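So in full-length UniProt numbering, spot 28 of the sequence shown is number 28, and the numbers just go up one at a time.
Using N, Cα and C, we set each Cβ at its ideal position, and we do this for glycine too.
Remember, it's a predicted structure, so these values are computed and weren't measured experimentally.
Below: the structure, in structure tokens.
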Amino acid sequence: MNQVQRVLQIAAKRKKLLIFFALLIFLYLNNSSLLADPPESGPFLLAHRGLGQTFDIAGVTDETCTATRIHPPEHPYLENTIPSMRAAFEYGADIVELDVHPTKDGQFAVFHDWTLDCRTDGRGVTREKTMEELKKLDIGYGYTADGGKTYPFRGKGIGLMPSLGEVLSAFPDRSLLIHIKSDDPQEGVLLADRLARLPPSGWSDWRCTGETGRSRNWKNASPNFAPCPWPR
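So this is what it looks like as structure tokens:
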């Protein structure tokens, strides 16, 4: 092979390498965010039940008492309370999700569980109590991070279960996602009727979620409220 052939061979190899690296650069840029248009806004933050205690989710079912498997507490807040919702908003949440049950006296209690036995010092079905009875409970009673050796929130949750009206009064200009904890589609109508009695200033920031029937009934009964389940 003469000198000219060697030069041509080297040039051909370099050309192939240049094409290869150019292709790699193209693939990288084409699949990266460097050339993408900047997002119109940042991430949307939803605080589930406000700022609550975290727990081990391994093996959790609908029947699991999650209060008995929390991680060692890193903050003083209990889920579905006004202090926990306020903290969530202060930490940057765009919307807070909360759970509601109708009570015997025609109100809506903000509480997750169908029964009181897991988290509180009460017994029985949540909706079979009056709001006055629920206010007397210690909603931090059942929380433990060490299998029942200690209960760090016992005695600290008395009177902290709010009514929905109290939550709406506390956050009149905040976005709330109201989760109806029931299989009864009519509860969407009951909730809409209850909210319709309140001043309309916050209607555009209140949303509802639940099973299809409940959400549809809420929407049909409350055309002035925001669509379910997510904010605009």
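Neighbourhood of Glu211 by C-beta distance below 6 Å, restricted to the same chain and skipping five residues each side = Because Glu211 carries a pLDDT of 49, less than 50, the predicted location of this residue cannot be relied on, and no value is offered for it.
Leaving aside the five residues before and after Leu45 along the sequence, list all residues of the same chain whose C-beta is less than 8 Å from its C-beta, in chain order.
-> Gly92, Ala93, Asp94, Ile95
Skipping 5 residues on each side, what residues in its chain have a beta carbon closer than 7 Å to that of Gly140?
-> Leu78, Phe153, Arg154, Lys156, Gly157
Shortest alpha-carbon distance to Leu168 belongs to which of His112, Val60, Gln107, Arg69?
-> Gln107
Pick out whichever of Leu116, Leu164, Pro76, Leu160 has its Cα sitting closest to the Cα of Ala109.
-> Leu164
Inter-residue spacing [alpha-carbon to alpha-carbon] between Leu195 and Trp114 = 22 Å
So, is Val100 buried or exposed, given that buried needs 16 or more other C-beta atoms within 10 angstroms?
-> buried
One or two residues paired with Ile158 in a DSSP bridge | Asp138
Test item: CB-CB of residue 248 and Thr64 under 7 Å | The structure shown does not extend to residue 248, since the chain is modelled only from 1 to 232, so the question has no answer here.
Start-end ranges of the beta strand (DSSP E) lying completely within the stretch 76 to 133, minimum 3 residues | 95 to 102, 108 to 110
Where Gly42 falls, given that 16 or more other Cβ within 10 Å makes a residue buried = exposed
The beta strand (DSSP E) spanning Leu168 covers which residue range?
-> Note, Leu168: premise wrong, no beta strand (DSSP E); alpha helix (DSSP H) at 164 to 170.
Given a threshold of 16 other Cβ atoms within 10 Å of its Cβ, counted over all protein chains shown, does Gly188 qualify as buried or as exposed?
-> buried
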